[in-house]
Amino acid sequence: MPRPIFADPKTDFAFKRIFGSEDHKDVLVAFLNHMLDLDEAHRIASVELIPPEQRPPVAELKLSIVDVKCTDARGVTYVVEMQVLQVEGFEKRVVYNVAKAYVNQIARGAGYPSLNDVVGITICDFVLWPDTEGRQLPMLTRWRMTEQKTGAKELGQIQLVFVELPKYDTSRPPQTVVEKWAYFFREADNLTVVPEVLAEHPFIDALDAARTAGFTAAEWDAYILAGIAIQNERGALSVAEQRGEQRGEQRGEQRGREEALREGVEALCEVLGIELTDERRRGLANLDTVGLAALLAQLRARRSWA
Numbered sequence: 009m010p011r012p013i014f015a016d017p018k019t020d021f022a023f024k025r026i027f028g029s030e031d032h033k034d035v036l037v038a039f040l041n042h043m044l045d046l047d048e049a050h051r052i053a054s055v056e057l058i059p060p061e062q063r064p065p066v067a068e069l070k071l072s073i074v075d076v077k078c079t080d081a082r083g084v085t086y087v088v089e090m091q092v093l094q095v096e097g098f099e100k101r102v103v104y105n106v107a108k109a110y111v112n113q114i115a116r117g118a119g120y121p122s123l124n125d126v127v128g129i130t131i132c133d134f135v136l137w138p139d140t141e142g143r144q145l146p147m148l149t150r151w152r153m154t155e156q157k158t159g160a161k162e163l164g165q166i167q168l169v170f171v172e173l174p175k176y177d178t179s180r181p182p183q184t185v186v187e188k189w190a191y192f193f194r195e196a197d198n199l200t201v202v203p204e205v206l207a208e209h210p211f212i213d214a215l216d217a218a219r220t221a222g223f224t225a226a227e228w229d230a231y232i233l234a235g236i237a238i239q240n241e242r243g244a245l246s247v248a249e250q251r252g253e254q255r256g257e258q259r260g261e262q263r264g265r266e267e268a269l270r271e272g273v274e275a276l277c278e279v280l281g282i283e284l285t286d287e288r289r290r291g292l293a294n295l296d297t298v299g300l301a302a303l304l305a306q307l308r309a310r311r312s313w314a
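Quick note: to get the working numbering, add 8 to the position in the sequence shown (first position is 1).
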């Protein structure tokens with residue numbers, strides 16, 4: 009197949025090539041400074057990459073999870089993650105990973121004062137928090153513990169940052185550095201030249217790292233396999249989402265649309281890694297056609313039970 013000019017930075021291989029290699033650490037440093045909006049006194053000057061951990065074979069970790077870890081001169085740890093597909097409990101897993109990075113700093117017998125801050129930055133290729141009547145969250149959100157009444161931020165040891173790429177406004181050129189990063193993630197593999205809006209550092213450097221002409225044959229194969237893995241997951245989700253409708257047509261006279269929808273819900277839960285507890289199964293058994301259709305639509309939209 010013909011090579012695109014630039015690789016898709018959302019794939020495992022390209023993401024790690026751009027943000028997780030010694031050759032392109034300046035891109036990672038700039039990305040961190042931009043996402044955290046650090047002033048001159050607190051800007052990150054350099055980082056040390058942390059070797060990736062061996063991932064356990066957990067079912068819910070199969071859906072295109074890619075991360076890069078590093079520390080800066082102050083000892084702060086950064087966990088930068090790309091998530092392509094939404095799964096149930098995603099937010100909890102992000103918090104768990106960042107909290108684990110915080111706890112794992114301390115060796116047995118060491119004192120708590122040796123613990124340094126941990127920042128988790130997650131780029132989502134889906135809307136994590138949809139707009140509601142009472143809440144509209146921006147594309148970039150930053151979260152940390154605050155005292156509810158005064159807003160004091162004395163417990164800032166763990167910070168979470170999320171970028172929801174679909175919230176990028178495509179009706180106009182990117183203006184802020186955060187919008188330029190969103191544009192880069194969304195459009196890099198569609199570009200044939202470096203666009204004017206990205207014709208500056210660190211975006212030029214990021215695009216150079218993603219330039220497929222510099223890939224060896226083995227690297228190109230790894231990139232293709234990473235893209236296939238994502239497409240396979242998307243295809244599995246699509247098949248599961250359609251299963252309820254298909255079974256409704258195939259078994260309409262035999263078992264009815266209600267049972268077909270119920271099977272569609274079960275199939276989608278299986279693909280998304282959503283556990284069907286006894287309580288959930290009882291609730292599922294009590295739903296009528298309208299309720300089942302609504303639940304199936306919710307699972308498609310949110311990738312979670314609730």
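Glycine included, each C-beta is placed from N, C-alpha and C at the ideal position.
Contact check, residue i vs residue j under 8 Å by CB: the rounded distance?
i	j	result
L173	D139	Their Cβ separation, rounded to whole angstroms, is 15 Å, which puts L173 and D139 out of contact at 8 Å.
A218	I26	6 Å
P182	K188	5 Å
D75	V87	6 Å
L276	L307	5 Å
N124	G164	N124 to G164, Cβ: 12 Å. No contact.
Taking just the CA atoms, how far does residue j sit from residue i?
i	j	result
Q1	T224	It is not possible to answer for residue 1, since the shown part of the chain is limited to 9 through 314.
N105	G97	12 Å
V298	E99	29 Å
K33	G222	18 Å
L220	A107	The residue asked about is misnamed: residue 220 is Thr in this sequence, not Leu. Roughly 36 Å separates the two Cα atoms.
L304	K24	35 Å
Y191	R290	45 Å
P121	K77	22 Å
G119	N112	13 Å
Excluding five sequence neighbours on each side, which residues of the same chain lie with their C-beta closer than 6 Å to the C-beta of residue i?
i	result
M43	I129, V169
I282	E96, W313
E89	D75, T130
A234	T19, D20, F21
P146	none
Hey, out of the options, whose CA is closest to residue i's CA?
i	options	result
R265	V202, L300, A234	L300
I166	R152, I114, L303	R152
V127	A309, V102, I238, I236	V102
A109	E208, Q156, T79	T79
D20	E227, T184, E287, V185	E227
L57	Y231, L136, S29, K157	S29
L36	G235, H209, L136, L233	H209
T149	E155, W137, K157	W137
V186	D45, D16, E287, E267	D45
Here's a check: name, in chain order, each residue in its chain whose Cβ is nearer than 7 Å to the Cβ of residue i, leaving out the five neighbours to either side.
i	result
E274	L284
L215	F14, A196, V202, L206
D213	H32, D34, V35
Among the residues of its own chain, which have a CB less than 8 Å from the CB of residue i, if the five just before and after it don't count?
i	result
N41	R51, I52
V55	K33, L36, V37, L40, C78, T79, D80, Y86
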